[in-house]
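Protein sequences appear in the order of chains A, B, C and D.
Residue numbers for the first sequence follow this note's numbering, beginning at 1 and rising by one.
Residue numbers for the second sequence follow this note's numbering, beginning at 208 and rising by one.
Residue numbers for the third sequence follow this note's numbering, beginning at 415 and rising by one.
Residue numbers for the fourth sequence follow this note's numbering, beginning at 622 and rising by one.
Each residue gets a CB set at the ideal place from its N, CA and C atoms; glycine is no exception.
Values in this document were obtained by computation on a predicted structure and should not be read as measured data.
Beneath this line is the structure, given in structure tokens, with notes to follow.
4 protein chains.
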Amino acid sequence: MPKNAQDIFKKQPPKRSNPPAKKRIAAALKILLEEKDFNSITTAEIAKAARANEALIYRYFGDKRGLLHGVLAEYLEESQDRIRKDLKGVKGAKNRLRKIVWHAFYTYNGNRTHAKIVLIEVRNFNGYYKSDTYQLARNYSKMVLDVLREGVESGEFRQDLDTKLARNVILGGIEHLTLPGLIFDREIPPDEYADFLMEMVLSGITP
Amino acid sequence: MPKNAQDIFKKQPPKRSNPPAKKRIAAALKILLEEKDFNSITTAEIAKAARANEALIYRYFGDKRGLLHGVLAEYLEESQDRIRKDLKGVKGAKNRLRKIVWHAFYTYNGNRTHAKIVLIEVRNFNGYYKSDTYQLARNYSKMVLDVLREGVESGEFRQDLDTKLARNVILGGIEHLTLPGLIFDREIPPDEYADFLMEMVLSGITP
Amino acid sequence: MPKNAQDIFKKQPPKRSNPPAKKRIAAALKILLEEKDFNSITTAEIAKAARANEALIYRYFGDKRGLLHGVLAEYLEESQDRIRKDLKGVKGAKNRLRKIVWHAFYTYNGNRTHAKIVLIEVRNFNGYYKSDTYQLARNYSKMVLDVLREGVESGEFRQDLDTKLARNVILGGIEHLTLPGLIFDREIPPDEYADFLMEMVLSGITP
Amino acid sequence: MPKNAQDIFKKQPPKRSNPPAKKRIAAALKILLEEKDFNSITTAEIAKAARANEALIYRYFGDKRGLLHGVLAEYLEESQDRIRKDLKGVKGAKNRLRKIVWHAFYTYNGNRTHAKIVLIEVRNFNGYYKSDTYQLARNYSKMVLDVLREGVESGEFRQDLDTKLARNVILGGIEHLTLPGLIFDREIPPDEYADFLMEMVLSGITP
DNA sequence: TATGAATGAGGTTTCATTCAT
DNA sequence: AATGAATGAAACCTCATTCAT
Numbered sequence: 001m002p003k004n005a006q007d008i009f010k011k012q013p014p015k016r017s018n019p020p021a022k023k024r025i026a027a028a029l030k031i032l033l034e035e036k037d038f039n040s041i042t043t044a045e046i047a048k049a050a051r052a053n054e055a056l057i058y059r060y061f062g063d064k065r066g067l068l069h070g071v072l073a074e075y076l077e078e079s080q081d082r083i084r085k086d087l088k089g090v091k092g093a094k095n096r097l098r099k100i101v102w103h104a105f106y107t108y109n110g111n112r113t114h115a116k117i118v119l120i121e122v123r124n125f126n127g128y129y130k131s132d133t134y135q136l137a138r139n140y141s142k143m144v145l146d147v148l149r150e151g152v153e154s155g156e157f158r159q160d161l162d163t164k165l166a167r168n169v170i171l172g173g174i175e176h177l178t179l180p181g182l183i184f185d186r187e188i189p190p191d192e193y194a195d196f197l198m199e200m201v202l203s204g205i206t207p
Numbered sequence: 208m209p210k211n212a213q214d215i216f217k218k219q220p221p222k223r224s225n226p227p228a229k230k231r232i233a234a235a236l237k238i239l240l241e242e243k244d245f246n247s248i249t250t251a252e253i254a255k256a257a258r259a260n261e262a263l264i265y266r267y268f269g270d271k272r273g274l275l276h277g278v279l280a281e282y283l284e285e286s287q288d289r290i291r292k293d294l295k296g297v298k299g300a301k302n303r304l305r306k307i308v309w310h311a312f313y314t315y316n317g318n319r320t321h322a323k324i325v326l327i328e329v330r331n332f333n334g335y336y337k338s339d340t341y342q343l344a345r346n347y348s349k350m351v352l353d354v355l356r357e358g359v360e361s362g363e364f365r366q367d368l369d370t371k372l373a374r375n376v377i378l379g380g381i382e383h384l385t386l387p388g389l390i391f392d393r394e395i396p397p398d399e400y401a402d403f404l405m406e407m408v409l410s411g412i413t414p
Numbered sequence: 415m416p417k418n419a420q421d422i423f424k425k426q427p428p429k430r431s432n433p434p435a436k437k438r439i440a441a442a443l444k445i446l447l448e449e450k451d452f453n454s455i456t457t458a459e460i461a462k463a464a465r466a467n468e469a470l471i472y473r474y475f476g477d478k479r480g481l482l483h484g485v486l487a488e489y490l491e492e493s494q495d496r497i498r499k500d501l502k503g504v505k506g507a508k509n510r511l512r513k514i515v516w517h518a519f520y521t522y523n524g525n526r527t528h529a530k531i532v533l534i535e536v537r538n539f540n541g542y543y544k545s546d547t548y549q550l551a552r553n554y555s556k557m558v559l560d561v562l563r564e565g566v567e568s569g570e571f572r573q574d575l576d577t578k579l580a581r582n583v584i585l586g587g588i589e590h591l592t593l594p595g596l597i598f599d600r601e602i603p604p605d606e607y608a609d610f611l612m613e614m615v616l617s618g619i620t621p
Numbered sequence: 622m623p624k625n626a627q628d629i630f631k632k633q634p635p636k637r638s639n640p641p642a643k644k645r646i647a648a649a650l651k652i653l654l655e656e657k658d659f660n661s662i663t664t665a666e667i668a669k670a671a672r673a674n675e676a677l678i679y680r681y682f683g684d685k686r687g688l689l690h691g692v693l694a695e696y697l698e699e700s701q702d703r704i705r706k707d708l709k710g711v712k713g714a715k716n717r718l719r720k721i722v723w724h725a726f727y728t729y730n731g732n733r734t735h736a737k738i739v740l741i742e743v744r745n746f747n748g749y750y751k752s753d754t755y756q757l758a759r760n761y762s763k764m765v766l767d768v769l770r771e772g773v774e775s776g777e778f779r780q781d782l783d784t785k786l787a788r789n790v791i792l793g794g795i796e797h798l799t800l801p802g803l804i805f806d807r808e809i810p811p812d813e814y815a816d817f818l819m820e821m822v823l824s825g826i827t828p
């Protein structure tokens, strides 16, 4: 969004009322999500935490659910940007795959809110799988698939590998390993989990 | 409208011999929990499903949360009874431990509602860890601890084993393995998971 | 001293047995409808006027619209009962038709709220034409049709009369004549209007 | 749906002589009034349809109601100009009266929005009868009165005619005949209705 | 002239809970 | 033991209107 770019150059020191309510609202939800689940957070609470008028939630995000999607979309964009950047220097399908997987654990570990939204909150919503946000979420899935295909082409992975199936196993594995840490509020060690998952998967993937 | 259904029960002579409303209410909640989470179930819904008056929930269980605890307590008693019975003929700490662990997976797999309450719903409540129900839940934890101590005494397990820590690892492992199956509604194979967990744990426990 | 008559109508704080809130709510809406249109009446206003809790509107009538339908249904039943009773002694299709038409004007004139609901408010609602209340409203239409058919059989009306069309003309005429009086709050003289409409219609109907 | 309204004002070429926002706002309301009643139209909707900022409604028209009055005033001026023009060549009180009456039906039939505002929307507002717009609306009433007086003077109408009363009867008749067509969205045939009304009125007026 | 941001008051509706009998 | 009636608090959401620029 060009809005972001503008804001960087805006005069921020002089006036305190500069951060627009939209940002404050999104930020407020993020903070509140650390403590309770989305359904038990009220719009009044969000507005109060954001020092914004309740109606602005509806102006900016359509409705309460839209706000959650908005927050998720932000997270997804950020993390996918970071992955793409980090992936730049990495050569070889295995290495790239490990980087991607590691990134998932790393992100989920460092940003529990992001993790909770993706793995728990959003699944309740009917419309989610038709939403724009879901399309964003699929980018990640696409990255994994692409790397798998690369690996098959380069000979790093089995020629007869069913890449889509393999992708599902990998994504399922990530969820599998992340969830307990998320719910019971324990560490989700990225290196350990990434190694574990890679080891499991590679023994079935590599030729 | 289900008014008709109610009337059937209403017009009965003041003789008490039918299944009391208390049981019907608990049963109703169990059924409803199969489909939605506790917070989205309303007391009106419960009462209707139980063909009971809403106020009876409060007479019998104090409040909505009390009802959940009541249901959980029932489940816990049942399953702990079953474990104790099943454990009768089993000799040896390892065997007994495996039985206990297997039972957990078996119960969670067969009774998702039980699993959900224990692993998800109940954790939201502040008072839970001071409740009677929590004491019941600790019995299970106690069983594991006792078996571990037995094993240490009998020499089946390492003499220097920190039994409390080991218990936590085991209970954590059970949760760990159960949760994804629960959330994503997949199978929780008791034998496979019990074997897996025992193998992992034993290599660290046995002398 | 015996309790004075006033107590019957006044609110009786110590003991209940008041007319139940459901009735008070319906009555309150009726009164409010005399002064403003349905959309500008708030549920809070209704509840206050009924000295009842706002939530009871939803318990008893489902929603605000349901309340309007409830009130209308009451009116329809009352007035149709009265027509049927009044029609008992009347012989001859013409006479019966006049009685029915006269009744419409008489009812609309005496009960502006009834008239407003039927002729104005209810038409905005999408579901109306599929509602039970609409079926009730059709009874009236059915009465007119039946009388027209009687008249055709008895020879009072033309043998080749399209009774359905004639019914529509008559009902349209009633609305046509009623509306201005309704909107501009003028008299809707039943005799005069009934005569006028009958004369217009009969000259096209009689053989 | 109001989407249509938006499209009407689609991206216009960057001509500088654009109709200013004030006109676009008034035009937008006119279009929206064809589909829903004034109360269900939101200022946001109006602004969007007009591709104007919501606040401009307040700059140009004071408030939402002021906008309605503005639109009505426009209509009234247009139609009264037309009447005056059409009346130029017409001789004789009867003929002039018929022309005026005919014009009312003609205008109402061709411009439902105009009709709705005059006959329905505006009557809810308390202040209306003290507003400038109401004074405009009285011009029409004045025209009728003037023609009646002319007729009395010229001997075309009874010498003892109560012209004010007669005016009311005529205006009432126009409303009487217009409303049903308006509400039930049927034709309002100007010739037929004008003839009918004139005939009714004249037989009581002519000496 | 025009705008984006913000707001307060109020809308309908839901729900856990209590009370009188 | 059981019920129907009632309730208060809060939920999500809408809208006309104002303000700073």
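Quick one: which chain C residues come within Cβ less than 7 Å of residue i?
i         : result
D:Phe-801 : First, the amino acid is wrong: residue 801 of chain D is Pro here, not Phe. Those are Glu-589, His-590, Leu-593, listed as they occur along chain C.
D:Ile-804 : Leu-593
Let me see if you follow: with CB-CB separation under 9 Å, is residue i close to chain B or not?
i         : result
A:Ile-57  : no
A:Leu-119 : yes
DSSP three-state label for residue i, please.
i         : result
B:Pro-397 : helix
B:Val-351 : helix
A:Arg-96  : helix
A:Val-201 : helix
D:Asp-707 : helix
B:Phe-216 : Below a pLDDT of 50, predicted positions are generally treated as unreliable, and B:Phe-216, at 39, falls in that range; the measurement from the model is reported next regardless. Correct three-state label for B:Phe-216: helix.
B:Ser-286 : helix
B:Ala-233 : helix
D:Ala-758 : helix
D:Phe-746 : coil
C:Thr-456 : coil
B:Thr-314 : helix
B:Thr-413 : coil
D:Ile-652 : helix
A:Ala-52  : coil
A:Lys-36  : coil
Could you work out which residues of chain B lie near residue i, taking near to mean beta carbons separated by less than 8 Å?
i         : result
A:Ile-211 : With chain A covering 1 to 207 only, the question about residue 211 of chain A has no answer from this structure.
Is the CB of residue i under 9 Å away from at least one CB in chain A?
i         : result
B:Leu-274 : no
Under 9 Å Cβ-Cβ, which residues of chain A neighbour residue i?
i         : result
B:Asn-316 : What B:Asn-316 touches in chain A: nothing, since even the nearest Cβ is about 16 Å away.
At 8 Å on the CB atoms, spell out the chain C contacts of residue i, in chain order.
i         : result
D:Ile-791 : Correct list: empty, because the minimum Cβ distance to chain C is about 14 Å.
Run down chain D in chain order and give the residues with a C-beta less than 7 Å from the C-beta of residue i.
i         : result
C:Asn-453 : Asn-660
Give a single yes or no on whether residue i has its beta carbon closer than 8 Å to a heavy atom of the ligand PLP.
i         : result
D:Ile-678 : This structure lacks the ligand PLP, and indeed carries no ligand of any kind.
When you compare the CB of residue i with every CB in chain C, is at least one pair closer than 9 Å?
i         : result
D:Arg-744 : yes
- Item | Length-filtered (4 minimum) alpha helix (DSSP H) runs lying within the segment 359-393 of chain B | 370-390
- Query: Would the segment 172-183 of chain A and the segment 386-395 of chain B be scored as touching if the rule is three or more Cβ pairs under 8 Å?
  - Reply: yes
- Decide if the segment 256-272 of chain B is in contact with the segment 280-299 of chain B; the criterion is three or more beta carbon pairs, one per stretch, under 8 Å apart. no
- Query: Quick one: any contact between the segment 119-138 of chain A and the segment 154-169 of chain A, if contact means 3 or more CB pairs under 8 Å?
  - Reply: no
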